[in-house]
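**Q** Here the sequence shown stands for residues 1 to 911, where the numbers follow the UniProt record's numbering.
For every residue, glycine included, the Cβ atom is placed at its ideal position computed from N, Cα and C.
Shown below is the structure under consideration.
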Amino acid sequence: MNLTRTLNWSGALRRQLNATPELAEWLEEHSTHPINPERISDWFDVLQTASGNPSDPEQLKQHLRILRRYVFFTLMQRDLQAKASLAEVGTAMSFLADLSVSKAYQCVSHELSRAHGIPRDAKTGAPLEMLIVAMGKWGGSELNVSSDIDIITLYAEDGDTDGPRPRSHHEYFGRLTQRMLPLLSQTTAAGHVFRTDVRLRPDGDAGALAWSLNALEHYFMYQGREWERYAWIKARVLPVQAFAGSRPVLAAQRLEQLRVPFVYRKYFDFDALAALRELRERIRQDWERKVVAKDSLESTHNIKLGDGGIREIEFVVQLNQLIRGGRWPSLQQQNLHAAVHAQVQADVMDAELAQPLLNAYEFLRRTEHFLQYREDQQTHLLPTDPEQIALLADSLGMDTARFNAELHQHRSFVQQSFHDAFRIAGVDKKSVSRSVTPNTQLDLPAPCAETDPHLLEIESQRLLQSHRIQRLPSFSLSRLQQLLPLVRAAASQTEDPIETNKRVHGILEHISNRSSYLALLLEYPETIHRLTAMAGASPWAAHYLSQYPLVLDSLIEWKHLLESPDFLSLGEQLRLELDACVLPNGQADVERQMNLMRDLQHQVSFQLLAQDLAGLLTVERLADQLSALADMLLAETIYRTWPLAQPRNTSSYTDQPHFAVVAYGKLGGKELGYASDLDLVFLYDDPDQDAVETYVRLGRRMVSWLTTLTSSGRLYEVDMRLRPDGDAGLIAVSIDGFEKYQSQQAWSWEHQAITRARFVAGDPNIGARFEKVRQAILLRERDPLQFKHQVIDMRAKIAQAHPNPSGLFDIKHDQGGMVDIEFITQYLVLCYAHHHPALLNNLGNIALLGIAADYGLIPTALTEPAIQAYRTFRRYQHNLRLQGATVARLPQAQVQKERDAVCALWQTVMD
Numbered sequence: 001m002n003l004t005r006t007l008n009w010s011g012a013l014r015r016q017l018n019a020t021p022e023l024a025e026w027l028e029e030h031s032t033h034p035i036n037p038e039r040i041s042d043w044f045d046v047l048q049t050a051s052g053n054p055s056d057p058e059q060l061k062q063h064l065r066i067l068r069r070y071v072f073f074t075l076m077q078r079d080l081q082a083k084a085s086l087a088e089v090g091t092a093m094s095f096l097a098d099l100s101v102s103k104a105y106q107c108v109s110h111e112l113s114r115a116h117g118i119p120r121d122a123k124t125g126a127p128l129e130m131l132i133v134a135m136g137k138w139g140g141s142e143l144n145v146s147s148d149i150d151i152i153t154l155y156a157e158d159g160d161t162d163g164p165r166p167r168s169h170h171e172y173f174g175r176l177t178q179r180m181l182p183l184l185s186q187t188t189a190a191g192h193v194f195r196t197d198v199r200l201r202p203d204g205d206a207g208a209l210a211w212s213l214n215a216l217e218h219y220f221m222y223q224g225r226e227w228e229r230y231a232w233i234k235a236r237v238l239p240v241q242a243f244a245g246s247r248p249v250l251a252a253q254r255l256e257q258l259r260v261p262f263v264y265r266k267y268f269d270f271d272a273l274a275a276l277r278e279l280r281e282r283i284r285q286d287w288e289r290k291v292v293a294k295d296s297l298e299s300t301h302n303i304k305l306g307d308g309g310i311r312e313i314e315f316v317v318q319l320n321q322l323i324r325g326g327r328w329p330s331l332q333q334q335n336l337h338a339a340v341h342a343q344v345q346a347d348v349m350d351a352e353l354a355q356p357l358l359n360a361y362e363f364l365r366r367t368e369h370f371l372q373y374r375e376d377q378q379t380h381l382l383p384t385d386p387e388q389i390a391l392l393a394d395s396l397g398m399d400t401a402r403f404n405a406e407l408h409q410h411r412s413f414v415q416q417s418f419h420d421a422f423r424i425a426g427v428d429k430k431s432v433s434r435s436v437t438p439n440t441q442l443d444l445p446a447p448c449a450e451t452d453p454h455l456l457e458i459e460s461q462r463l464l465q466s467h468r469i470q471r472l473p474s475f476s477l478s479r480l481q482q483l484l485p486l487v488r489a490a491a492s493q494t495e496d497p498i499e500t501n502k503r504v505h506g507i508l509e510h511i512s513n514r515s516s517y518l519a520l521l522l523e524y525p526e527t528i529h530r531l532t533a534m535a536g537a538s539p540w541a542a543h544y545l546s547q548y549p550l551v552l553d554s555l556i557e558w559k560h561l562l563e564s565p566d567f568l569s570l571g572e573q574l575r576l577e578l579d580a581c582v583l584p585n586g587q588a589d590v591e592r593q594m595n596l597m598r599d600l601q602h603q604v605s606f607q608l609l610a611q612d613l614a615g616l617l618t619v620e621r622l623a624d625q626l627s628a629l630a631d632m633l634l635a636e637t638i639y640r641t642w643p644l645a646q647p648r649n650t651s652s653y654t655d656q657p658h659f660a661v662v663a664y665g666k667l668g669g670k671e672l673g674y675a676s677d678l679d680l681v682f683l684y685d686d687p688d689q690d691a692v693e694t695y696v697r698l699g700r701r702m703v704s705w706l707t708t709l710t711s712s713g714r715l716y717e718v719d720m721r722l723r724p725d726g727d728a729g730l731i732a733v734s735i736d737g738f739e740k741y742q743s744q745q746a747w748s749w750e751h752q753a754i755t756r757a758r759f760v761a762g763d764p765n766i767g768a769r770f771e772k773v774r775q776a777i778l779l780r781e782r783d784p785l786q787f788k789h790q791v792i793d794m795r796a797k798i799a800q801a802h803p804n805p806s807g808l809f810d811i812k813h814d815q816g817g818m819v820d821i822e823f824i825t826q827y828l829v830l831c832y833a834h835h836h837p838a839l840l841n842n843l844g845n846i847a848l849l850g851i852a853a854d855y856g857l858i859p860t861a862l863t864e865p866a867i868q869a870y871r872t873f874r875r876y877q878h879n880l881r882l883q884g885a886t887v888a889r890l891p892q893a894q895v896q897k898e899r900d901a902v903c904a905l906w907q908t909v910m911d
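Here's what the structure looks like:
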């Protein structure tokens, strides 16, 4: 491979070849293939094998520096020949740092342990390893070719080493760090490996060299600053091990449990937004001061810190991660390319922004590398001399005009993106104002009659005097005091200002201990009007907001909130997020996954609630959407619980269970409400004799996954009593057993129930088999008179189980109510489906009654009024629940027409 082009550009290579001419032959031999971790490891092993004493620190120093020479100059040659991608260069340099630090750590650890013994876990006695955390670009596996490495060292717990001259763990690991770093950074005749920087550790230069995890936890909790959250995004623990029998993965797991909540807040952290804005401005101001102080042109020539430079790209990407990464684990990426792709996948960043940002990053990083190849120095400054610019452009494979044009184009785009960073993150006030939909009912509530402002102020004073509010820190109390006048003003625009004011105060009292929610409302005052309008429209909605304040940030993007959910995209993104919930040991973080699914369920339910209150959804459409949400979550629950249900150490593991979920009741009929239970039956089809135990375990896991109360609440309440043999039966039943039970043992009411049953998730083959069983049951010929008596008896039992002494009409259970319509429909399907197969389809009560009328099974003159009555009842029931009613009852006179219509149809069909 020709070295001419490389030698023309790099003085560092010219000097090295003068000192070690044999390097030319090395480059000729090794520059034709990509540099990867395996090749670097092989090169190091060859160096070590040739050594007389590979454990000697001086020998290690020499070998690591020779290895660095090989990697650096081979990458240079490949890069200047346009053979190496940016990913190859960054990965190779990062792995070189990983390997070098690991070998230095092992060498010093063995040396120290001979003098002071080994640090050990107080409980198990196992050796303790030091946790070495790679920060910055090294942490993201995208290290520069001539870069410092930012390093933080930690240890699991305090104690003493076990040697004849014991040292505290604090002293031992501090000394280990102190001795390890020169092996990497000290300049010898062979050069250096990496300059090391430990200033990112807690308390910076004033802090201890090595910190215990307990001390780090305390620091994160009480002293950690916003810029440190930003820095810890890229933190990556090196997989180092010096002692046999140690378990470093446990300490790494605990560190991750500290790092993730420090960096990524579960909710959109609007407290952090102000701090991040200040950080953005401080970055700019600090840079401008440096430029002025140096009286130079660095603002345009520094491609890392100058306008439109690499640092601004990183800020745009990492801002999105900080704001949203706690909600969406897939965004928690150390590598910038991976982070951008994850944000596009999650629809957090537009592809139209992402691709130009990545193009700019590739161009600027490659230019940065070429600048560093020149003299092997950590520089980011473009040359000022026109001849040097031309030489740089030629090295990059372009002429000066093209280089300058592309440089200007990329930096201009990056600079604008950096200025718009908070709009890009989806939380800028300008973008929010553009997303407002002013013609929706909730966005601009209709003015109402005048209300005495003094009455509203009295309620505010009561809130401020409550015990919970009195215990708030001063900054939270100050925010609440700023909010209350805005709430009163918004409440005065609703139909019942006093009641609305009380409801919103209830929400504020529940969320007041999270100052970020108060910051959200203050930062985006339009959300106060939306919150107030929703609370004024429905006490149930107010309670929902109090119970799940995580959804409050949805009020910012009002236009998106009023869009119909795309369940296909939601399902795909949910799976990505759940896949990203992984513990350091590689196992799934089950608790986090369960919370994530609950958060999504609350978010989508709130989206539908907003559309419901805005009058954009019919009751039927709302039920369809809530049912589709439940279907999606049930399918994902099977996928997540199946690995947990598999027997350990088994060779019979399968990726896909032969298992299905069948829904009855409201979910079966797609009539689900906001707080409806799920009536479920679990079926399996597996010839393995031992399968029953596995599928029963899967069923139990599913019920637990759905019903367990976590910090994010409960996903759904589940009722399994409709399975064969009810509570006495197995939680999962074979499809053969289900068919036999339905054919030979099921009661009439169970056949009534199956008219509304449907396959919702799992193995579609079992779903198809279930549908055949269901249709076979429905197609049976029955004696209409005998079956009529059975239905009437069951109706009487239901009425007896729901007494109503109120004097009001119970919309669901009283004679002439919804249950009568449901029983009429079930009777018609079960008695006449064998003559009219169109009745087999699970289409809902309204459609099935229409089909029955078309076939002349019931009079059309009675059918239409009964159908309208059913629609009206459902609407009344839904509205009463939104008003907080636990049972749906109304004055008799208000529903007399609808009740008479249902009674007339009942008498015609059932009497």
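Kindly indicate which three-state DSSP category Phe73 falls into: helix, strand or coil?
**A** Correct three-state label for Phe73: helix.
**Q** What residue ranges within the region 575 to 650 form continuous alpha helix (DSSP H) runs of no fewer than 4 residues, ordered along the chain?
**A** Along the region 575 to 650, the alpha helix (DSSP H) occurs as fully enclosed runs of 4 or more residues at 590 to 613, 619 to 645, listed in sequence order.
**Q** Under 8 Å, do Leu86 and Arg366 count as touching if we go by C-beta distance?
**A** Less than 8 Å divides the Cβ of Leu86 from the Cβ of Arg366.
**Q** Using a Cβ-Cβ cutoff of less than 6 Å, which residues in the same chain neighbour Gly729 once the five nearest sequence positions on both sides are dropped?
**A** Arg723
**Q** Closest by CA to Tyr827, which one among Glu750, Ala869, His813?
**A** Glu750
**Q** Can you list, in chain order, the stretches of the beta strand (DSSP E) that have 3 or more residues and sit fully within the region 101 to 161?
**A** Runs found: 131 to 135, 149 to 155.
**Q** Could you tell me which residues DSSP pairs with Gly309 in its beta bridges?
**A** Paired residues: none, contrary to the question.
**Q** To the nearest angstrom, how far is it from the Cα of Asp782 to the Cα of Ala346?
**A** Residue identity differs from the one stated: residue 782 is Arg in this sequence, not Asp. Near 54 Å, if we compare the C-alpha coordinates of Ala346 and Arg782.
**Q** Hey, Gln334 and Gly90: beta-carbon distance below 8 Å or not?
**A** no
**Q** Please state the DSSP three-state secondary structure of Leu691.
**A** The amino acid at residue 691 is misidentified as Leu; the sequence shows Ala. Of the three classes helix, strand and coil, the one that applies to Ala691 here is helix, per DSSP.
**Q** Using beta-carbon positions only, say whether Ala610 and Met534 come within less than 8 Å of one another.
**A** yes
**Q** Per DSSP, what are the beta-bridge partners of Ile168 in this structure?
**A** Inspection of the sequence shows that residue 168 is occupied by Ser rather than by Ile. DSSP lists Asp160 as partners of Ser168.
**Q** From Asp394 to Asp271, what does the alpha carbon distance come to, in whole angstroms?
**A** Whole-angstrom Cα-Cα distance: 48 Å.
**Q** Measure the Cβ-Cβ separation of Tyr321 and Ile233 and say whether it is below 8 Å.
**A** The displayed chain sequence assigns Gln, not Tyr, to residue 321. Contact flag set, yes.
**Q** Report the rounded CA-to-CA distance for Tyr664 versus Thr755, giving the unit in angstroms.
**A** 9 Å
**Q** Can you look up Tyr664 in the DSSP assignment and give me helix, strand or coil?
**A** Three-state result, Tyr664: strand.
**Q** Counting only the same chain and skipping the five closest in sequence on each side, list residues whose C-beta sits under 7 Å from that of Tyr832.
**A** Counting only Cβ-Cβ distances below 7 Å, and skipping sequence neighbours, we find Leu839, Leu857.
**Q** So, using beta-carbon positions, are Leu552 and Ala623 closer together than 8 Å?
**A** The Cβ atoms of Leu552 and Ala623 lie no closer than 8 Å to each other.
**Q** May I ask you to list the residues that DSSP assigns as paired with Glu210?
**A** Looking at the sequence shown, residue 210 is not Glu but Ala. Thr153, per the DSSP bridge assignment.
**Q** By the DSSP assignment, the alpha helix (DSSP H) with Phe823 in it spans what residues?
**A** Note, Phe823: alpha helix (DSSP H), 818 to 832.
**Q** In whole angstroms, what separates the C-alpha of Tyr70 from that of Gly762?
**A** 54 Å
**Q** Between Asn18, Asp42, Leu80, which lies nearest to Thr4 when the distance is taken from Cα to Cα?
**A** Measuring from the Cα of Thr4, the nearest candidate turns out to be Leu80.
**Q** Which value, in whole angstroms, describes the spacing of the CA atoms of Leu862 and Met594?
**A** 48 Å
**Q** Going by Cα to Cα distance, which pick from Leu486, Glu509, Ala541, Ile498 is closest to Glu523?
**A** Leu486
**Q** Given Gly159, which residues of its chain have a CB within under 6 Å of its CB, disregarding the five upstream and five downstream residues?
**A** The residues are Ala122, His169.
**Q** With 16 as the cutoff for other CB atoms within 10 Å, does Arg259 come out buried or exposed?
**A** A residue is called buried once 16 or more other Cβ atoms fall within 10 Å of its Cβ, and Arg259 is buried on that count.
**Q** Run through DSSP, which three-state label would Arg14 get?
**A** helix
**Q** On the three-state DSSP scale, how would you describe Ser431?
**A** Its pLDDT being 36, under 50, Ser431 is placed unreliably by the model, and the measurement read from it follows with that caveat. Of the three classes helix, strand and coil, the one that applies to Ser431 here is helix, per DSSP.
**Q** Residue range of the beta strand (DSSP E) that Ser679 falls in?
**A** For the record, residue 679 in the displayed sequence is Asp; it is not Ser. Looking at the DSSP string, the run of the beta strand (DSSP E) that includes Asp679 is 678 to 684.
**Q** Just how far apart, CA to CA, sit Leu785 and Ala901?
**A** The alpha-carbon separation between Leu785 and Ala901 amounts to approximately 23 Å.
**Q** With distances taken Cα to Cα, identify the nearest neighbour of Asp420 among Ser113, Leu596, Ile313, Leu890.
**A** Closest by alpha carbon: Ile313.
**Q** Between which two residues does the beta strand (DSSP E) harbouring Ala761 extend?
**A** 758 to 762
**Q** Give me the Cα-Cα distance between Asp685 and Ala588, rounded to the nearest whole angstrom.
**A** Computed Cα separation, rounded: 27 Å.
**Q** Please list the terminal residues of the continuous beta strand (DSSP E) segment that includes Ser734.
**A** 732 to 734
**Q** Does the structure place the region 630 to 650 close enough to the region 558 to 573 that three or more beta carbon pairs sit under 8 Å?
**A** yes
**Q** Which residue comes first and which comes last in the alpha helix (DSSP H) that contains Trp26?
**A** 22 to 30
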